[in-house]
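Numbering (UniProt numbering), first residue to last: 1 to 333.
To start, the structure itself, in structure tokens.
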Ligand code: KG4
Ligand code: ZN
């Protein structure tokens with residue numbers, strides 16, 4: 001029997017979840033809207049808002065799960081990677097809470113947790129599987145051999161896929177975070193309206209910085225001829241950008257699946273909420289005989305449920321850390 005309370009505060013979502021014997025019974029997420037005014041997450045502001053949110057979010061999670069503090073068996077928290085000031089709030093709170101309640105502490109790697117979100121609900125992937133983890137800070141193809149035995153076999157050498165979405169959105173004058181807005185406009189546009197240069201990168205790695213620049217130059221050139229180019233063609237531009245990013249992501253995933261002879265394929269991270277990616281992956285499942293695993297929307301973007309399920313599996317292994325644990329903004333995979 002175990003009740004795990006988990007805290008996620010690596011970026012701009014303050015989230016607390018409860019995992020009761022491997023089942024998620026609460027997952028409260030407080031989004032920070034303040035960053036919309038700045039076109040990106042402002043670390044200092046994020047940290048301050050985490051401080052304001054953390055206690056109400058803990059109370060709400062306990063209420064949702066109908067448990068009290070004395071029912072908790074361990075406190076799990078995101079140790080990294082992420083913004084240091086944001087992580088500090090969650091890590092300090094977890095440590096104080098564990099000290100006050102005399103409970104063990106479980107440190108979780110945020111990128112592992114995105115992948116382990118697949119173990120919240122059915123169907124669960126079988127080991128070994130490949131996971132394309134695509135978020136605002138990371139783009140990785142991971143060979144997952146067991147819950148905590150994972151190997152990165154390909155990754156972005158510069159920008160993450162989420163950044164490619166968000167930076168393109170910024171060029172188009174859309175507010176932060178632009179990924180979901182590009183997705184929304186793309187649904188109404190023609191994905192083949194415009195073609196963008198596809199990066200030629202070796203092995204299973206990615207690059208998105210040149211791609212983003214090519215979009216910027218394309219838009220500037222079009223605007224010279226028609227100053228209203230963006231407004232008049234927003235849906236087609238979004239659909240074409242999204243189509244290109246999805247093709248870039250899936251081409252390397254197909255290569256990895258072939259190279260490793262694996263047909264159990266999952267996606268994870270904020271960009272896995274993208275409908276273009278979800279649909280294209282579903283199509284590949286049919287074409288290539290893959291078993292694909294796509295997380296529920298609420299477990300794609302940052303959430304504490306994924307930290308709680310990772311914490312549950314560490315609890316079963318009795319894998320705890322001491323009060324000397326510190327946040328690790330560049331935590332190794
Ligand atoms: O995993 P996540 O919530 O936070 C990080 O750990 O980075 O990912 C956030 C990223 C942002 O770049 C956001 O624009 C992107 O996920 N994102 C999307 C969609 N929903 C979130 N990108 C494309 N389409 C979406 N529907
Ligand atoms: Zn994340």
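All C-beta atoms in this analysis are idealised placements derived from N, C-alpha and C, irrespective of residue type, glycine included.
Give me the residue from the options with the minimum Cα distance to residue i.
i	options	result
residue 314	22, 208, 100, 234	22
residue 201	215, 220, 88, 156	156
residue 316	105, 14, 35	105
residue 320	73, 277, 298	73
residue 127	235, 149, 275, 135	149
residue 326	68, 75, 92, 38	92
residue 242	78, 183, 129	183
residue 9	3, 45, 38	45
residue 181	20, 70, 273	273
residue 169	219, 303, 58	219
residue 233	247, 192, 94	192
residue 31	18, 132, 205, 56	56
residue 271	264, 245, 292, 255	245
residue 204	296, 96, 131, 2	131
residue 49	256, 312, 14, 278	14
residue 162	249, 60, 25, 20	249
residue 94	68, 101, 77	77
residue 240	276, 228, 194	194
residue 61	79, 27, 172, 39	27
residue 247	98, 292, 206	206
residue 323	103, 37, 293	103
residue 264	137, 79, 141	141
residue 97	275, 59, 117	59
Going by DSSP, which residues form a beta bridge with residue i?
i	result
residue 23	20
residue 265	130, 292
residue 15	8, 29
residue 206	156
residue 213	Paired residues: none, contrary to the question.
residue 139	134
residue 250	In the DSSP output, where bridge partners are listed per residue, residue 250 has none listed.
residue 77	7, 107
residue 146	149
Can you give me the C-alpha to C-alpha distance between residue i and residue j, rounded to a whole angstrom?
i	j	result
residue 333	residue 111	7 Å
residue 414	residue 300	The question about residue 414 has no answer here: the residues shown for the chain are numbered 1 through 333.
residue 261	residue 199	25 Å
residue 238	residue 90	36 Å
residue 284	residue 290	7 Å
residue 164	residue 211	8 Å
residue 175	residue 41	12 Å
residue 87	residue 258	38 Å
residue 81	residue 115	14 Å
residue 230	residue 217	13 Å
residue 309	residue 71	17 Å
residue 329	residue 29	21 Å
residue 311	residue 1	14 Å
residue 83	residue 53	17 Å
residue 47	residue 35	12 Å
residue 43	residue 51	13 Å
residue 143	residue 224	46 Å
residue 135	residue 173	21 Å
residue 38	residue 109	28 Å
If I'm right that residue i touches residue j with Cβ under 8 Å, what's the distance once you round it to whole angstroms?
i	j	result
residue 154	residue 252	6 Å
residue 214	residue 197	5 Å
residue 267	residue 288	Not a contact, Cβ separation roughly 15 Å.
residue 146	residue 188	So it is not a contact: roughly 43 Å between Cβ atoms.
residue 120	residue 5	Actually they are not in contact, since the Cβ atoms of residue 120 and residue 5 sit about 16 Å apart, beyond 8 Å.
residue 11	residue 302	6 Å
residue 101	residue 69	6 Å
So does residue i have its beta carbon nearer than 8 Å to some heavy atom of the ligand FMN?
i	result
residue 114	As far as ligands go, the structure on display features the ligand KG4 and the ligand ZN and does not contain the ligand FMN.
Against chain B, does residue i count as a neighbour if the rule is that its beta carbon must be under 9 Å from one of theirs?
i	result
residue 17	Absence of chain B from the displayed structure is noted, only one protein chain being present.
ask   = Of all residues in the structure, which have a C-beta closer than 5 Å to any heavy atom of the ligand KG4, taken in chain order?
value = 135, 136, 137, 162, 165, 166, 177, 179, 180, 183, 269, 270, 271, 273, 274, 301, 302
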